[in-house]
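Per the numbering used here, residue 4 is the first one in the sequence shown, and the count goes up by one each step.
The beta carbon of each residue, even a glycine, is placed where N, CA and C say it ideally should be.
Since we're looking at a predicted model, the values are computed, not measured.
One structure below.
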Amino acid sequence: MAKRIEFFVGDSLDVYENIAFEYGLLKSCPDDALRIFLWSNDRTVVIGKNQNAFSEVNLDALKSIDGRLARRLTGGGAVYHDRNNLNFTFVAKEGVYDVKKQLSVIVRSLEKWGIRAVVSGRNDILAEGRKFSGNAFLRENGFGLHHGTVLINTDIEVMTRVLNVDKVKLDSKGVKSVSARVLNLSELNGNIEKRALIEEIRSAAEEIYGMPAQEIKAAFNAENARMKAMLSSKEWLLNRVRDQSDGYIVRRARFDWGGVELIYKQEAGRVKELFIFSDAMDAEEIVRINKRLEGAFIADFKPDGAMSRDIIRLFEETEK
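Printed below as a string of C-alpha cells:
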C-alpha cells in the first residue's frame with residue numbers, strides 16, 4: 004500500500020531526457036511511494052524496445068518535420084508524440100504497483116470534461132470507441148513502470164505520415180486507417196487543455212489513493228545524463244537492423260500477442276544472425292527467445308510458451 008505520492012511534472016520536450024528521467028524514477032523509487040511523472044515531447048516517434056525502426060517509421064517523413072526517433076525500454080508499438088500530447092508514467096514497488104488502479108486515475112481525470120473513457124484490449128484507453136491512450140509496462144528488480152499517452156490535440160495528419168502501420172493490425176481493429184482508429188480528446192470537448200489535465204490527474208490520484216500528492220521538481224542528474232546518451236545513440240536506435248538484401252530470410256506474421264518480424268540467415272538447419280522484431284507487450288520475453296534461438300538447430304528447439312511456439316511455426320513455414 005502506498006504511503007505517499009510523489010508527483011513530477013517535466014519541463015523538457017526532449018524525448019531522450021524524459022525517458023532517461025522516468026527510468027531514473029524506477030531505479031530510485033522508495034518502497035512505500037507511488038511516483039507519477041507527467042511529460043511531453045516535441046515531434047517524436049517512439050518505438051517499442053524490440054521494433055524495427057525501418058519497418059515501423061517513415062524516416063524520411065520524420066526527418067522532413069525535423070522530428071526525432073526514440074526507442075523506449077518497454078514493449079508495444081510505435082507512437083507519435085508532439086507538444087499537444089501528454090504522457091504519464093506510474094512507478095511503484097510490487098504491492099503498490101497496480102495497473103488497474105493506475106488506469107483508473109487517467110479515466111477519472113477526464114470526468115471534468117464529460118468524457119467517458121474505458122480501458123480496452125491489452126493496453127488501450129478509448130473514448131467513443133476510439134483510442135486516445137496506449138500503455139506499456141516494465142518490471143525490474145521488484146518494481147514496475149507503467150507509462151502511456153494521452154492525445155489532447157496532436158497533429159493526426161503528421162502522425163499518419165510518419166508511422167507505417169501494419170494493415171493486418173488495422174484490419175483486426177475493424178478500421179481502415181490510423182486516423183479512423185485514434186482520437187484527440189479535444190474532438191469531444193474543445194475546452195480540454197494540457198495544464199488543466201495535469202491538475203485533474205493529480206486530483207484523481209489523490210482521490211483514488213486517499214492522500215495528497217507531493218509535487219517534486221524533476222531534476223536531471225548525472226545518472227540520467229548517462230542514460231540519455233545511451234538512448235540517443237545510433238547503436239541503441241538502429242543497431243538491431245541489418246542489410247536484408249544480402250542472404251537474409253524475412254518472415255512476418257501477427258498473433259494474438261502481437262506482430263513479429265524475423266530477419267535471419269540459416270545454415271544447415273541452424274539459425275544465424277537472428278533479429279526478432281515485435282510490438283509484443285512482453286519485451287523481455289522477445290529478447291529471451293532471440294537469445295535462445297540464436298545459433299540453435301530449429302529441429303531441436305523446444306518451445307516453452309505461446310510466443311516461442313508461434314515463432315518456431317514461422318521458421319517451419321520457411322522450411323517448406
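Which residue marks the beginning of the beta strand (DSSP E) containing residue i, and which one marks its end?
{"i": "Ala-36", "result": "36-42"}
{"i": "Glu-264", "result": "261-270"}
{"i": "Gly-27", "result": "No beta strand (DSSP E) contains Gly-27, which is instead part of the alpha helix (DSSP H) from 18-30."}
{"i": "Phe-280", "result": "273-281"}
{"i": "Val-49", "result": "47-50"}
{"i": "Val-253", "result": "252-258"}
{"i": "Ala-81", "result": "Unbroken run through Ala-81: none, as it is neither H nor E."}
{"i": "Ser-123", "result": "120-123"}
Determine whether the Cβ of residue i lies closer than 8 Å to any Cβ atom of chain B.
{"i": "Asp-313", "result": "No chain B is present in this structure, which holds just one protein chain."}
Since residue i and residue j should fall inside the 8 Å C-beta cutoff, what is the C-beta to C-beta distance between them, to a whole number of angstroms?
{"i": "Glu-131", "j": "Leu-191", "result": "7 Å"}
{"i": "Asp-17", "j": "Lys-96", "result": "Not a contact, Cβ separation roughly 28 Å."}
{"i": "Gly-137", "j": "Gly-79", "result": "7 Å"}
{"i": "Leu-186", "j": "Leu-154", "result": "7 Å"}
{"i": "Gln-269", "j": "Phe-10", "result": "At roughly 52 Å, the Cβ-Cβ gap does not stay under 8 Å, so Gln-269 and Phe-10 are not in contact."}
{"i": "His-149", "j": "Val-102", "result": "6 Å"}
{"i": "Leu-240", "j": "Leu-72", "result": "6 Å"}
{"i": "Asn-293", "j": "Ile-315", "result": "No, Asn-293 and Ile-315 are not in contact; Cβ-Cβ is about 13 Å, not under 8 Å."}
{"i": "Gln-3", "j": "Asp-282", "result": "Not covered by the structure: residue 3. The range shown for the chain is 4 to 323."}
Helix or strand or just coil, what does DSSP make of residue i?
{"i": "Glu-59", "result": "helix"}
{"i": "Glu-210", "result": "helix"}
{"i": "Asn-187", "result": "coil"}
{"i": "Asn-194", "result": "coil"}
{"i": "Arg-205", "result": "helix"}
{"i": "Lys-96", "result": "strand"}
{"i": "Phe-318", "result": "helix"}
{"i": "Ile-301", "result": "helix"}
{"i": "Asn-90", "result": "strand"}
{"i": "Val-168", "result": "coil"}
{"i": "Ile-128", "result": "strand"}
{"i": "Arg-291", "result": "helix"}
{"i": "Ala-222", "result": "coil"}
May I have the straight-line CA-CA distance separating residue i from residue j, to the nearest angstrom?
{"i": "Met-310", "j": "Leu-129", "result": "27 Å"}
{"i": "Val-94", "j": "Asp-127", "result": "19 Å"}
{"i": "Arg-344", "j": "Glu-297", "result": "Nothing can be reported for residue 344: it is not among the residues displayed for the chain, which extend from 4 to 323."}
{"i": "Asn-144", "j": "Ser-31", "result": "11 Å"}
{"i": "Lys-6", "j": "Gly-98", "result": "12 Å"}
{"i": "Val-121", "j": "Leu-265", "result": "34 Å"}
{"i": "Ala-286", "j": "Lys-52", "result": "6 Å"}
{"i": "Lys-275", "j": "Arg-164", "result": "34 Å"}
{"i": "Tyr-83", "j": "Thr-157", "result": "9 Å"}
{"i": "Asp-313", "j": "Arg-295", "result": "15 Å"}
{"i": "Ala-228", "j": "Asp-303", "result": "44 Å"}
{"i": "Lys-305", "j": "Ala-199", "result": "53 Å"}
{"i": "Gly-151", "j": "Gly-308", "result": "27 Å"}
{"i": "Pro-215", "j": "Gly-193", "result": "29 Å"}
{"i": "Met-4", "j": "Ala-256", "result": "41 Å"}
{"i": "Ser-206", "j": "Asp-14", "result": "20 Å"}
{"i": "Ala-81", "j": "Glu-210", "result": "32 Å"}
{"i": "Tyr-19", "j": "Arg-46", "result": "12 Å"}
{"i": "Glu-226", "j": "Tyr-100", "result": "24 Å"}
{"i": "Lys-104", "j": "Ile-159", "result": "29 Å"}
{"i": "Ala-299", "j": "Glu-320", "result": "17 Å"}
I'd like to know whether the C-beta atoms of residue i and residue j end up nearer to each other than 8 Å.
{"i": "Ile-252", "j": "Gly-272", "result": "no"}
{"i": "Ala-221", "j": "Val-12", "result": "yes"}
{"i": "Val-48", "j": "Leu-166", "result": "yes"}
{"i": "Ala-139", "j": "Thr-77", "result": "yes"}
{"i": "Phe-223", "j": "Phe-24", "result": "yes"}
{"i": "Leu-41", "j": "Leu-89", "result": "yes"}
{"i": "Lys-134", "j": "Arg-184", "result": "yes"}
{"i": "Met-284", "j": "Gly-250", "result": "no"}
{"i": "Ile-68", "j": "Glu-59", "result": "no"}
{"i": "Leu-188", "j": "Ile-118", "result": "yes"}
{"i": "Arg-111", "j": "Ser-43", "result": "no"}
{"i": "Met-230", "j": "Gly-27", "result": "yes"}
{"i": "Arg-75", "j": "Ile-22", "result": "yes"}
Starting from residue i, follow the alpha helix (DSSP H) in both directions and report where the run begins and ends.
{"i": "Lys-134", "result": "Taken as a continuous stretch (DSSP letters only), Lys-134 belongs to no alpha helix (DSSP H), being part of the beta strand (DSSP E) at 133-143."}
{"i": "Gln-105", "result": "102-112"}
{"i": "Thr-163", "result": "159-165"}
{"i": "Arg-229", "result": "225-234"}
{"i": "Trp-116", "result": "Unbroken run through Trp-116: none, as it is neither H nor E."}
{"i": "Lys-237", "result": "237-241"}
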